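Enquirer:
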Amino acid sequence: MRIQIVTLFTALLALSACKSHKAAVATAPLSIPVVQVKEAELAHRMEFIGYLQSNFDAVIQPRVNGFLISKHFDSGKPVRRGALLYRIDPTQLSTAMYAAEAALQSARAEAIEARNNYERAVPLASMNAISRAQLDQYTAQYRASEASVRSAEESLRNAQLNVSYTELRSPIDGIAGSSQAHIGDFVGPGTEFNVLTTLSNVDTVSFDVALAMTDYLRLTGNRAEIYDNEGLLSDITLTLDDGTHYPLEGFYSHTRKDISSSTGTLLLVVKFVNPNKELKAGQFARVGCDVGAKERRLILPARAVSQAQGVNSVWVVGADSTVQFRRVELGAQRDSLWVVTGGLEPTEWVVLAGRQKLHEGMKIQPRQVD
Numbered sequence: 465m466r467i468q469i470v471t472l473f474t475a476l477l478a479l480s481a482c483k484s485h486k487a488a489v490a491t492a493p494l495s496i497p498v499v500q501v502k503e504a505e506l507a508h509r510m511e512f513i514g515y516l517q518s519n520f521d522a523v524i525q526p527r528v529n530g531f532l533i534s535k536h537f538d539s540g541k542p543v544r545r546g547a548l549l550y551r552i553d554p555t556q557l558s559t560a561m562y563a564a565e566a567a568l569q570s571a572r573a574e575a576i577e578a579r580n581n582y583e584r585a586v587p588l589a590s591m592n593a594i595s596r597a598q599l600d601q602y603t604a605q606y607r608a609s610e611a612s613v614r615s616a617e618e619s620l621r622n623a624q625l626n627v628s629y630t631e632l633r634s635p636i637d638g639i640a641g642s643s644q645a646h647i648g649d650f651v652g653p654g655t656e657f658n659v660l661t662t663l664s665n666v667d668t669v670s671f672d673v674a675l676a677m678t679d680y681l682r683l684t685g686n687r688a689e690i691y692d693n694e695g696l697l698s699d700i701t702l703t704l705d706d707g708t709h710y711p712l713e714g715f716y717s718h719t720r721k722d723i724s725s726s727t728g729t730l731l732l733v734v735k736f737v738n739p740n741k742e743l744k745a746g747q748f749a750r751v752g753c754d755v756g757a758k759e760r761r762l763i764l765p766a767r768a769v770s771q772a773q774g775v776n777s778v779w780v781v782g783a784d785s786t787v788q789f790r791r792v793e794l795g796a797q798r799d800s801l802w803v804v805t806g807g808l809e810p811t812e813w814v815v816l817a818g819r820q821k822l823h824e825g826m827k828i829q830p831r832q833v834d
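The opening position of the sequence shown corresponds to residue 465 in the numbering used here, with each subsequent residue numbered one higher.
1) Check the C-beta distance from Arg720 over to Ile513 and give it rounded, since I have them as a contact under 8 Å.
2) How would you label Ser634, buried or exposed, when you count the other beta carbons within 10 angstroms and need 16 or more for buried?
3) Roughly how many angstroms separate the alpha carbons of Val775 and Arg791, rounded to a whole number?
4) Please confirm whether Val769 and Trp802 have their CB atoms less than 8 Å apart.
5) Pick helix, strand or coil for Val627, following the three-state DSSP scheme.
6) Grab the span of the beta strand (DSSP E) containing Asn519 for me, first residue to last.
7) Give every residue of the same chain whose Cβ lies closer than 6 Å to the Cβ of Asp553, excluding the five residues on either side of it in the sequence, and list them in chain order.
8) Pull up the distance between the alpha-carbon of Ser590 and that of Asn626, whole angstroms please.
9) Note down, one range per segment and in chain order, each alpha helix (DSSP H) of at least 4 residues found wholly within the segment 540 to 626.
10) Quick check: Glu812 and Val501, are their CB atoms within less than 8 Å of each other?
11) When we look at the beta-carbon of Arg761 and count the other beta-carbons within 10 Å, is it buried (16 or more) or exposed?
12) What are the boundary residues of the alpha helix (DSSP H) that Asp679 is part of?
13) Please give me, in chain order, every unbroken run of the alpha helix (DSSP H) with length at least 4 that falls completely inside the segment 695 to 746.
14) Straight-line CA distance for Ala796 to Pro493?
15) Between Arg767 and Leu816, what straight-line distance do the alpha-carbon atoms span, to the nearest angstrom?
16) Are Val733 and Leu697 touching if we call contact CB-CB under 8 Å?
Right, dumping it as C-alpha cells:
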C-alpha cells in the first residue's frame, strides 16, 4: 500500500511539472519579425495614365487631279521611305508634257534664227549698210527669243513635275493608315479625296505627362522658365495595359506651349525609342517618373503594410516590446517599398509578418530583420 501511495504521489508531481511547463510556454512572448522605418533620398514618384502617340504623321495628299489607277501598300503595315503608294492616271498630264516639249523645240528654232539674224546684222551696222534702228530690232528679237526658250524650258519642267506627281511615294519610314480613296476615284486638290492616307512614324513614340500646375509649382519651386523643364523628370518607365514593363527607359522631349484651360495642367512630352516596333500609336499605357529634386523620405517594406477598405495600417513595436495598431499615410510605391508620408517616425520599428496573431497591447519578442 505504501508503495502505491508513493507511486501516486510521484505521478502527481510529474503532472504538476508538465502543467507548469505548458503554462510557461503558453505565456512566453511570440517571436515576431520586425523592421525599422528608414529614410532615403528619393524624388517624388508619380504615375500617369494615357495613350501613346506617333512621333509624327505624314499626310499623303495628291498634287494633281486624275483618276486613281493603282494602290501599292497594305493598311496598317510598315512602308519604307521612297516606296510607291499610289499611281494616278498620267495620260492627260503626259499630253501636256509632250505639248510643252514641242513648244520648247519651236522656241529653240526661233532663237537660232534670231541669233543668226543678229550676228549678220552686227558687221553690216558697223559698215553703215543697215541703220542703227534695224540693228536694235534684230537685237531685241534675239533677246526675246532667248527669253522664250527659258520660258518654254520652265513650262516643260513644270509639265514633267506634274507627270511625276502621278506617282505618290512615301516621304518617311512609317506605318500606313487606311486608304481614303479606292481605284477609280477621281482624286486631287478640290475633290472629295484631297487626302489619300496618313503615315505614322513610330521609330519613337511619345506620351503626354499631364502635370497639374499646383503639383508643378509645389515640386519645382521658383523655376525660372516654365517651358525649360530639362532635368525635371527622371527614371521614366512605361507599363503597358497588360502589365508588361517596357525595357527601354524614356526621356524628356519638350513642354507643350499651352496650359489646358479646362484642367489646369501642363503637358510635358516624354518619348520612348521603339526599335522593334513593339509600341503603337493609340496604345493605352501607364508612365511612371520621378518629378523634381530628391528629398529625404521615409520608406517601409510593402509586406509590413496592411491595406483594407482604403485604410493603410501597420503594427508599431514600442520600447517595451508591446505592439500598437496605427494608421499610416502612403505615397508612391517604389519596387517592394512604400514611401510613408504620415503616421510614422524615423527609427520606429514595425511588424513585418505575423500580423494576424497580434492584438492591441500584446507583448512580443521582436526579431530584427534588415
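Where is the CB? At the ideal position from N, CA and C, for every residue including glycine. Predicted model only: the values in this text are computed from it and were never measured.
Expert: Reading it off the structure:
1) Wrong, their Cβ atoms sit about 18 Å apart, outside the cutoff.
2) buried
3) 7 Å
4) yes
5) helix
6) 517 to 524
7) Gly530, Phe531, Ile533
8) 48 Å
9) 555 to 590
10) yes
11) buried
12) 677 to 684
13) none
14) 35 Å
15) 6 Å
16) no
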